[in-house]
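I have placed the structure first, in the form of structure tokens, so that the comments after it can refer back to it.
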Amino acid sequence: MSVRFATNGQVFDFSDWGNYLVLDIVTKSFFGQEMGFLQHGDRSGLLSSTRVNGPAIHALARLPRLKMFLLRSLGRFLVPTAGDGSGLGNVLQLRDDLYDERLAKGSRDSHIWLDRVLFNNVNHDSFNHDEFKEDVLFVILGASDTTGHGIRCLVRNLLQNPASLTRLRQEIDDAVTKCGGIGNVQFAHINSQMPFLSACIRESLRHDPPIVSFLPRWVDNPGGVELCGRLVPVGVEVACSPYVISRNRDFFGDDVHTFRPERYSDSSPEWVARAARYDFTFGYGPRHCIGQTLSHLVTCKAIVKFFHHFDVELIEPGAGKAYLNWNYSGLRVRIRTRR
Numbered sequence: 055m056s057v058r059f060a061t062n063g064q065v066f067d068f069s070d071w072g073n074y075l076v077l078d079i080v081t082k083s084f085f086g087q088e089m090g091f092l093q094h095g096d097r098s099g100l101l102s103s104t105r106v107n108g109p110a111i112h113a114l115a116r117l118p119r120l121k122m123f124l125l126r127s128l129g130r131f132l133v134p135t136a137g138d139g140s141g142l143g144n145v146l147q148l149r150d151d152l153y154d155e156r157l158a159k160g161s162r163d164s165h166i167w168l169d170r171v172l173f174n175n176v177n178h179d180s181f182n183h184d185e186f187k188e189d190v191l192f193v194i195l196g197a198s199d200t201t202g203h204g205i206r207c208l209v210r211n212l213l214q215n216p217a218s219l220t221r222l223r224q225e226i227d228d229a230v231t232k233c234g235g236i237g238n239v240q241f242a243h244i245n246s247q248m249p250f251l252s253a254c255i256r257e258s259l260r261h262d263p264p265i266v267s268f269l270p271r272w273v274d275n276p277g278g279v280e281l282c283g284r285l286v287p288v289g290v291e292v293a294c295s296p297y298v299i300s301r302n303r304d305f306f307g308d309d310v311h312t313f314r315p316e317r318y319s320d321s322s323p324e325w326v327a328r329a330a331r332y333d334f335t336f337g338y339g340p341r342h343c344i345g346q347t348l349s350h351l352v353t354c355k356a357i358v359k360f361f362h363h364f365d366v367e368l369i370e371p372g373a374g375k376a377y378l379n380w381n382y383s384g385l386r387v388r389i390r391t392r393r
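Heads up: the sequence shown is residues 55 to 393, going by the numbering used here.
Given below as structure tokens:
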């Protein structure tokens, strides 16, 4: 980013750079090698293909009977396969190549997630590789789509609120000075000693949740469940929207459509704890996203380093649409190396 944009003041679209970062981190963690998104962009077509097909995939996930009908009658025409020449087919082929290459090496690197699952499994010979490949793809795409969106919107929200950015940058500079350099600022310090950064992240996720509607769940309690004073009988599907919940004026105040990190940083510990209890951004209960800690780590490190190294000028804020997840573009910025 320094070489391509900071030295010449070129305006560029920052919208996908959070996705690029997450994709390289996750593929490095899973397969032991990056896919080169930060260096080459979306040359594999992974992001563009998933965005084009995303609405249909998410819609069918919420309409299981329609999905089964289509799979039985038209599945061989609708379902992409690795190497079939389609966008998703190319993505599947790329995943298979990385997976099979790692499997052939037979490595047992404890730092590579794929190795830890494959070679620490006591029933390795009966391991269902097709199912695990599907899980790997879901993690890669899910992490990119959610954490990438979180980074994008946090950068945009901060650039649109200079007072918040100034306060955050001061906190970053203080942390760098205290730790003796940006390379020494560890996640443990960020997580415990940078409260305003935490407030900015939480407020941005409240303001712009990555997923606006979760998959529905069946009510399986024989007596049903009571929600908001109404009895929901057994067998009914129930879903919630983090976007709607995070705009509850009774809890968050009348300025729910405003990005205001002080909502968290200046509130009582009791209110902040209660807000965390009702935070649906990463799901809830047994369906809570197990990748939340990794997402928080990546976001913290990315924001600290980005605003430590660069002065950022907002040219255009961009725009996005969300059906079930977001499709966002046009966040155009200019960066310069800080002196």
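C-beta: ideal position from N, C-alpha, C; glycine also.
Does the beta-carbon of residue 202 have 16 or more other beta-carbons within 10 angstroms, so that it is buried, or is it exposed?
The residue in question, residue 202, is buried, as its Cβ has 16 or more Cβ neighbours within 10 Å.
Residues that DSSP places opposite residue 66 in a beta bridge:
Note: residue 66 sits in a beta bridge opposite 387.
Only counting the same chain, and skipping five residues up and downstream in sequence, which positions put a Cβ closer than 7 Å to that of residue 143?
Within the same chain, residue 143 has close Cβ partners 134, 135, 136, 137.
Same chain, Cβ closer than 7 Å to residue 263, neighbours up to 5 away in sequence not counted:
Counting only Cβ-Cβ distances below 7 Å, and skipping sequence neighbours, we find 296, 297, 300, 335.
Could you check where the alpha helix (DSSP H) with residue 205 kicks off and where it finishes?
It spans 183 to 213 - the alpha helix (DSSP H) in which residue 205 sits, taken as one unbroken run.
Counterpart residues of residue 281 in DSSP-defined beta bridges:
Residue pairing from DSSP places residue 281 in a beta bridge opposite 284.
Pick helix, strand or coil for residue 228, following the three-state DSSP scheme.
Residue 228: helix per DSSP, three-state reduction.
Is the stretch 364 to 376 close to the stretch 312 to 331, with three or more CB pairs under 8 Å?
Judged by Cβ distances under 8 Å, the stretch 364 to 376 makes no contact with the stretch 312 to 331, as fewer than three pairs qualify.
On a CA-only basis, which of 249, 371, 393 is nearest residue 214? Give me that one, please.
Taking only the C-alpha atoms, the option nearest residue 214 is 371.
Other residues of its chain near residue 410: CB distance less than 7 Å, five sequence neighbours each side excluded:
Here the chain has residues from 55 to 393 only, and residue 410 is not among them.
So the candidates are 381, 166, 88, 244; which of them puts its Cα closest to the Cα of residue 199?
Closest option to residue 199, judged by alpha-carbon separation, among 381, 166, 88, 244: 381.
State the CB to CB distance for the pair residue 292 and residue 273, rounded to an integer number of angstroms; the pair is presumed to be in contact (CB under 8 Å).
At roughly 6 Å, the Cβ-Cβ gap stays under 8 Å, so residue 292 and residue 273 are in contact.
8 Å Cβ cutoff met for residue 391 and residue 362:
No, the pair does not count as a contact, with Cβ atoms beyond the cut-off.
Distance, residue 66 Cα to residue 388 Cα:
One C-alpha to the other measures close to 7 Å.
Using the three-state DSSP reduction, which class does residue 269 fall into: helix, strand or coil?
In the structure shown, residue 269 sits in coil (DSSP, three-state: anything other than H, G, I, E or B).
Drop a sphere of 10 angstroms on the beta-carbon of residue 229, count the other beta-carbons inside from all chains shown, and report buried for 16 or more, exposed for fewer.
Its Cβ being crowded by 16 or more others within 10 Å, residue 229 is buried.
Compare the Cα-Cα distances from residue 116 to each of 249, 103, 271 and report the closest residue.
Checked all of 249, 103, 271; the closest Cα to residue 116 is 271.
List the whole-angstrom C-beta distance separating residue 85 from residue 170, where the pair is believed to meet the contact cut-off of C-beta under 8 Å.
The C-beta separation of residue 85 from residue 170 comes to about 12 Å, leaving the pair out of contact by the 8 Å criterion.
Measure the CB-CB distance between residue 225 and residue 259 and report whether it falls below 8 Å.
No, Cβ-Cβ distance for residue 225 and residue 259 is not below 8 Å.
Other residues of its chain near residue 69: CB distance less than 8 Å, five sequence neighbours each side excluded:
The residues are 206, 372, 382, 383, 384, 385.
According to DSSP, is residue 91 part of a helix, a strand, or is it coil?
In the structure shown, the three-state DSSP call for residue 91 is helix.
Can you give me the C-alpha to C-alpha distance between residue 256 and residue 319, rounded to a whole angstrom?
Answer to the nearest angstrom: the Cα atoms are 10 Å apart.
Taking the straight line between their C-alpha atoms, what separation do you get for residue 182 and residue 189?
Residue 182 and residue 189 have their alpha carbons spaced roughly 11 Å apart.
Just the C-alpha distance for residue 374 and residue 204, rounded to the nearest angstrom, thanks.
Using only the alpha carbons, I get a separation of about 13 Å.
In its own chain, which residues sit with a C-beta less than 8 Å from the C-beta of residue 160, not counting the 5 before and 5 after it?
Closer than 8 Å at the Cβ level, and outside the excluded window around residue 160, lie 173.
Please tell me whether residue 74 and residue 100 are closer than 8 Å, where the distance is taken between their beta carbons.
Residue 74 places its beta carbon 8 Å or farther from that of residue 100.
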